[in-house]
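> If you're matching positions, the sequence shown starts at 1 in full-length UniProt numbering and goes up one per residue.
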Amino acid sequence: MSEDQPLSEFSSTDSTANGDTAEPATVTYRWQSDGAVCEQCETSTEKQWLDDAQFVCPDCKSWD
1 MSEDQPLSEF SSTDSTANGD TAEPATVTYR WQSDGAVCEQ CETSTEKQWL DDAQFVCPDC
61 KSWD
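(1) Scan the stretch 15-59 and note each continuous alpha helix (DSSP H) run of 4 residues or more that stays entirely inside, going in chain order.
(2) Within the same chain, show all residues whose beta-carbon is closer than 7 Å to that of R30, passing over the 5 residues directly before and after it, in chain order.
(3) Buried or exposed: where does T43 fall if 16 or more other Cβ atoms within 10 Å of its Cβ makes it buried?
(4) Let me make sure I understand the geometry here. Which of Q32, D59, V27 has the alpha-carbon closest to that of C41?
(5) Taking just the CA atoms, how far does Q32 sit from E3?
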């Protein structure tokens, strides 16, 4: 007799059976074709990066 077991014996119908839940991803960049105002220098830019909880242009982003 084989010791193989069907996969159904290992699966669970509860998607949170192991108690783990995924944390939502953190947004760090956004792009707007019509531009958006930088929260530091107030210029309009298509590309913005999250820096200290503010969306800023690449020139105002602290890169260190």
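From the three backbone atoms N, C-alpha and C, an ideal C-beta is built for every residue, glycine too.
Checking against the coordinates, here is how it stands:
(1) none
(2) Q48, F55
(3) exposed
(4) D59
(5) 58 Å
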